[in-house]
Amino acid sequence: MGLSELKAGQVGFVESIQPHHSNDGLVHRLEAMGILPDRAIQVLRVAWFGGPLHVRIGTTTEVAIRRHEAQQIRVKVC
Amino acid sequence: MTCHSPTVTQPRDEKAVKRVALIGMPNTGKSTFFSRITGVAAYVGNWPGVTVDLLQANVKINGETVEFVDLPGIYDLNGYSEDEKVVRTFLEKYAIDLVIVVLNAAQIDRQIRLALQVKALGLPAVVMLNMSDEAKHYGVEINSKELSRHLEMPVFLISAKYGKGYMKAYETICHQLEKTELPVIVNDIRQVLAQRGKISVDEIEIILKDAVEMPSQLAQTLTAKLDSVLLHPVFGLPLFFLGMFAVFWIVWNVGLPSQDIMDSLTGWLEETVISPVLSVFPGVVQDFFINGIWAGVATVASFVPLIVIFFIVMAILEDSGYLSRAAYLMDALMARLGLDGRSFVLHMMGFGCNVPALMGTRVMRSRALRLLTMLIIPFGLCSARLQVFVFIIAAVFPNGNGALVLFSLYLLSFLAAFLTAFLFQGAFKNEDPFVLELPPYRLPTLKQVALRGWGEVREFLVRASGFITVGCIAVWVITSLPPGATGLDTIGGQIGQFLSPVMRPIGIDPYLTLALIFGFIAKEVVLGSLAVIYGLQSASVGAHIAETITFAQGYSFCIFCLLYTPCLTTIATILNEAKSWKFTAFSLVFSLVLAWVCSFIFYQSALLLGFQ
Numbered sequence: 630m631g632l633s634e635l636k637a638g639q640v641g642f643v644e645s646i647q648p649h650h651s652n653d654g655l656v657h658r659l660e661a662m663g664i665l666p667d668r669a670i671q672v673l674r675v676a677w678f679g680g681p682l683h684v685r686i687g688t689t690t691e692v693a694i695r696r697h698e699a700q701q702i703r704v705k706v707c
Numbered sequence: 006m007t008c009h010s011p012t013v014t015q016p017r018d019e020k021a022v023k024r025v026a027l028i029g030m031p032n033t034g035k036s037t038f039f040s041r042i043t044g045v046a047a048y049v050g051n052w053p054g055v056t057v058d059l060l061q062a063n064v065k066i067n068g069e070t071v072e073f074v075d076l077p078g079i080y081d082l083n084g085y086s087e088d089e090k091v092v093r094t095f096l097e098k099y100a101i102d103l104v105i106v107v108l109n110a111a112q113i114d115r116q117i118r119l120a121l122q123v124k125a126l127g128l129p130a131v132v133m134l135n136m137s138d139e140a141k142h143y144g145v146e147i148n149s150k151e152l153s154r155h156l157e158m159p160v161f162l163i164s165a166k167y168g169k170g171y172m173k174a175y176e177t178i179c180h181q182l183e184k185t186e187l188p189v190i191v192n193d194i195r196q197v198l199a200q201r202g203k204i205s206v207d208e209i210e211i212i213l214k215d216a217v218e219m220p221s222q223l224a225q226t227l228t229a230k231l232d233s234v235l236l237h238p239v240f241g242l243p244l245f246f247l248g249m250f251a252v253f254w255i256v257w258n259v260g261l262p263s264q265d266i267m268d269s270l271t272g273w274l275e276e277t278v279i280s281p282v283l284s285v286f287p288g289v290v291q292d293f294f295i296n297g298i299w300a301g302v303a304t305v306a307s308f309v310p311l312i313v314i315f316f317i318v319m320a321i322l323e324d325s326g327y328l329s330r331a332a333y334l335m336d337a338l339m340a341r342l343g344l345d346g347r348s349f350v351l352h353m354m355g356f357g358c359n360v361p362a363l364m365g366t367r368v369m370r371s372r373a374l375r376l377l378t379m380l381i382i383p384f385g386l387c388s389a390r391l392q393v394f395v396f397i398i399a400a401v402f403p404n405g406n407g408a409l410v411l412f413s414l415y416l417l418s419f420l421a422a423f424l425t426a427f428l429f430q431g432a433f434k435n436e437d438p439f440v441l442e443l444p445p446y447r448l449p450t451l452k453q454v455a456l457r458g459w460g461e462v463r464e465f466l467v468r469a470s471g472f473i474t475v476g477c478i479a480v481w482v483i484t485s486l487p488p489g490a491t492g493l494d495t496i497g498g499q500i501g502q503f504l505s506p507v508m509r510p511i512g513i514d515p516y517l518t519l520a521l522i523f524g525f526i527a528k529e530v531v532l533g534s535l536a537v538i539y540g541l542q543s544a545s546v547g548a549h550i551a552e553t554i555t556f557a558q559g560y561s562f563c564i565f566c567l568l569y570t571p572c573l574t575t576i577a578t579i580l581n582e583a584k585s586w587k588f589t590a591f592s593l594v595f596s597l598v599l600a601w602v603c604s605f606i607f608y609q610s611a612l613l614l615g616f617q
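Chains P and W are the protein sequences, given in the same order.
For the first sequence, the residue numbers in the numbering used here are 630 to 707.
For the second sequence, the residue numbers in the numbering used here are 6 to 617.
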């Protein structure tokens, strides 16, 4: 499932990042943020009105990411 | 099988000094580390072929001069952003003796990639694991010896902010520099990284397993508690706007009195030193010095305390980590305007000065998003315009509602920006991904805040003082010539009268039109010019404006000032950054038209409602 389908507080494990068109830049950036296969990723909160997700990658990295981009991160929930 | 080194050594010119480059991800305290090594001696260097400003400084080490260059923060040496390209270009063009890789120790699990990339390139390097105090707090444990063995470069745990572990690291840098014979250059970074730099997840996992212990679960941190309030879906935004209002309150109640002190100081100097010294010269010369040059100096001086206070507040907002939260809070709205939260943050930064905010748009990768953001930033109510507004408001709204009137101008500033973005988001379509780091809340140190305040003032003095003084002299020339002419008989007065059919419907008389013309150079000039235009001491301009201008006219003047071109420096920066005459001209003309239309609507409505 896509990351944006997780509820606030839920933890998922990264399966893959789906490249979007030829947008290699996003994949590079997400990898640099630590979004790599099998890493834990937690949705901390979701902004209202279709705003971004506040997610924690691993234990110490937190980023804001838009739903559209979050959807490209495929995760599985244990 | 052969294995060529990707780096090539470069013979050193006899005169050339050793060069050290700092590389690191954004939010790692790289610049704090840089200023700890170099002190306040840093300056913006000139590097042909490099498109952004790089801070550099010369430091004496082992008796020889060493050049330190602070490269822009990057996530990935293989990345696509302009900064990432800049770092690549720099390493491919300029030979270096040592790379200092600054990483956030708490985020070693992901930042180690950058160190591995540097290793793959074969550059001589030292790794600084900064913010080690924060890492400890999180429960991240790093065995620097083991890490050093894997990376094949010295590794240090430091805290640049508090100076912990710094001396030992500095000694190693000196030692490494002593060892290096010839600087190295990398020929084609992308190619090298493609061949040998593909960093596998397994490789990272092996190193992390050996050298790092990440906490399996995060204890309830202060950041998490603060975020649950400050990023709350309901309370987050009101708290944000409350914070903004507090900033205005501080500027109004602390910044302005400090300005009065500066004004009385320059006034006292004029009376007791300047005027007596000049009394031996003929009248015209006296007039030129006092109302031209000295007026400029006094205007510049009166700004200094306000800017310091403004940027202290700004530095606290930024260094504490709240500014990126503001981007998160605003993103739902900004995305609808074709912008993102970062545009909003930069727009907010533009409230200090539009120029650095325009330069800051470089963090955005999509050109369309950059251009759209550059189009809205000049509507940000900068400190130069604030100066004008504060003065006019104090003169035409004597009843103590000043803070509220000023706040309305801030609202208008946002409105104009949003409207512009909304209108043009189709023309500048953004496809940039939005992935923004939210660093933990940090207490900025006094030193950081003071350095920022001082840096901004110095920048302002360098950038603006010449401009303002020349502007004031130009005003003096236009408003004092032809010789003997006064007021509207002067060259400038005639320009004002010529434009009066256009300006009268918005309540702006030829005197104020003239002030606006000089506002093109810089808003800082406007107040100085008013004194010269009216032929009054600067102390009595306020009283004169209170007598001759209604509040509707005064407010209309403020609206116009807010929306038309902020200053020549802004125009130059837009041209520099957009690298397009067409876009620059568009931005200029559009803002003029918008300024006139808004002033017209306000002034005519005020007249209709019976205000005079």
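C-beta atoms are modelled at their ideal positions from N, C-alpha and C, and glycine is treated no differently.
Cα-Cα separation between residue i and residue j, rounded to whole angstroms
i: P:Phe678; j: P:Glu634; result: 15 Å
i: W:Met6; j: W:Gln200; result: Below a pLDDT of 50, predicted positions are generally treated as unreliable, and W:Met6, at 36, falls in that range; no measurement from the model is reported.
i: W:Ser584; j: W:Ser418; result: Per the sequence presented here, residue 584 of chain W reads as Lys, with Ser not at that position. Approximately 26 Å between the Cα atoms of the pair.
i: P:Thr688; j: W:Arg115; result: 11 Å
i: W:Met158; j: W:Ile204; result: 17 Å
i: W:Met454; j: W:Ile496; result: Just to set this straight, residue 454 of chain W is Val in the shown sequence, not Met. Going from the Cα of W:Val454 to the Cα of W:Ile496 covers about 46 Å.
i: W:Ala340; j: W:Thr366; result: 16 Å
i: W:Leu338; j: P:Gly680; result: 8 Å
i: W:Leu486; j: W:Val480; result: 10 Å
i: W:Arg390; j: W:Asp207; result: 55 Å
i: W:Val531; j: W:Pro571; result: 11 Å
i: W:Thr14; j: W:Val467; result: 39 Å
i: W:Ala110; j: P:Thr690; result: 11 Å
i: W:Val462; j: W:Val598; result: 32 Å
i: W:Val189; j: P:Leu682; result: 43 Å
i: W:Cys8; j: W:Arg195; result: The predicted position of W:Cys8 is uncertain, since its pLDDT is 48 and thus under 50; no value can be drawn from it.
CB contact check: residue i to chain C, cutoff 8 Å
i: P:Arg703; result: Chain labels in this structure do not include chain C; the protein chains are P and W.
N- and C-terminal bounds of the beta strand (DSSP E) containing residue i
i: P:His683; result: 682-686
i: P:Ala693; result: 690-694
i: W:Val25; result: 23-29
i: P:Gly641; result: 640-646
i: W:Phe73; result: 69-75
i: W:Thr555; result: Counting along the chain, W:Thr555 falls outside any beta strand (DSSP E), and DSSP gives it neither H nor E.
i: W:Leu441; result: 440-442
Contact list for residue i against chain W, beta-carbon separation under 7 Å
i: P:Phe642; result: Going along chain W, no residue has its Cβ under 7 Å from P:Phe642, so there is no contact; the nearest lies around 13 Å.
i: P:Pro681; result: Tyr333, Asp336, Phe439
Member of the options whose CA lies at the smallest distance from the CA of residue i
i: W:Ser325; options: W:Phe286, W:Val259, W:Asp232, W:Trp254; result: W:Asp232
i: W:Gly241; options: W:Leu270, W:Val197, W:Ala62, W:Tyr333; result: W:Tyr333
i: W:Asp274; options: W:Met249, W:Gly248, W:Ala303; result: For clarity, residue 274 of chain W is Leu in the given sequence; the question names Asp instead. The candidate whose alpha carbon is nearest that of W:Leu274 is W:Ala303.
i: W:Ala62; options: W:Glu69, W:Ser40, W:Asn83, W:Leu82; result: W:Ser40
i: W:Ser543; options: W:Asp265, W:Gly44, W:Ser329, W:Ile381; result: W:Asp265
i: W:Ala21; options: W:Ser86, W:Ala432, W:Ile101, W:Gly385; result: W:Ile101
i: W:Gly355; options: W:Tyr143, W:Thr450, W:Thr578; result: W:Thr578
i: P:Arg674; options: P:Lys705, P:Ala693, P:Gln647; result: P:Ala693
Span of the alpha helix (DSSP H) around residue i
i: W:Ser604; result: 586-613
i: W:Tyr48; result: Not the alpha helix (DSSP H): W:Tyr48 falls in the beta strand (DSSP E), residues 48-50.
i: W:Ile204; result: That residue, W:Ile204, is in no alpha helix (DSSP H); it is neither H nor E in DSSP.
i: W:Val410; result: 407-429
i: W:Thr43; result: 35-43
i: W:Val64; result: Taken as a continuous stretch (DSSP letters only), W:Val64 belongs to no alpha helix (DSSP H), being part of the beta strand (DSSP E) at 59-66.
Partner residues on chain W for residue i, Cβ-Cβ distance less than 8 Å
i: P:Leu635; result: The contacting residues do not exist; P:Leu635 stays about 17 Å from chain W at best.
i: P:Pro666; result: Val206
i: P:Ile670; result: Near P:Ile670 there are no residues of chain W at all, since even the closest Cβ is about 12 Å away, more than 8 Å.
Contact set between residue i and chain P, taken where Cβ atoms lie within less than 8 Å
i: W:Leu76; result: Near W:Leu76 there are no residues of chain P at all, since even the closest Cβ is about 16 Å away, more than 8 Å.
i: W:Met219; result: Gly687, Thr688, Thr689
i: W:Ala47; result: Going along chain P, no residue has its Cβ under 8 Å from W:Ala47, so there is no contact; the nearest lies around 27 Å.
i: W:Asp88; result: Within 8 Å Cβ-Cβ: nothing; W:Asp88 doesn't reach chain P, min ~12 Å.
i: W:Pro238; result: Arg674, Ala676, Trp677
Any non-hydrogen atom of the ligand NAP within 7 Å of residue i CB
i: W:Lys434; result: The model on display carries no ligand, and the ligand NAP is accordingly not part of it.
Contact list for residue i against chain P, beta-carbon separation under 7 Å
i: W:Asp268; result: Here the premise fails: no neighbours, minimum Cβ distance about 44 Å.
Per-residue contacts from residue i into chain W (C-beta, under 9 Å)
i: P:Val692; result: Val440, Leu441, Glu442, Leu443
Checklist entry - Hey, which unbroken runs of the alpha helix (DSSP H) at 4 residues or more fall wholly within the region 96-169 of chain W? => result If we require 4 residues or more, the alpha helix (DSSP H) runs fully inside the region 96-169 of chain W come out as 113-126, 137-143, 149-156.
Checklist entry - Residue ranges of each alpha helix (DSSP H) run of no fewer than 4 residues wholly in the region 223-284 of chain W, ordered along the chain? => result The qualifying runs are 227-235, 241-255, 261-274, 280-283.
Checklist entry - Taking only runs of the alpha helix (DSSP H) that begin and end inside the region 170-195 of chain W, which ones reach a length of at least 4 residues, in chain order? => result Runs of the alpha helix (DSSP H) lying entirely within the region 170-195 of chain W and spanning at least 4 residues, in chain order: 171-184.
Next on the checklist: Threshold first: 3 residues or longer. Then list the beta strand (DSSP E) segments lying entirely within the region 514-540 of chain W, N to C.
Outcome noted: Considered as a whole, the region 514-540 of chain W harbours no complete run of any beta strand (DSSP E) with no fewer than 3 residues.
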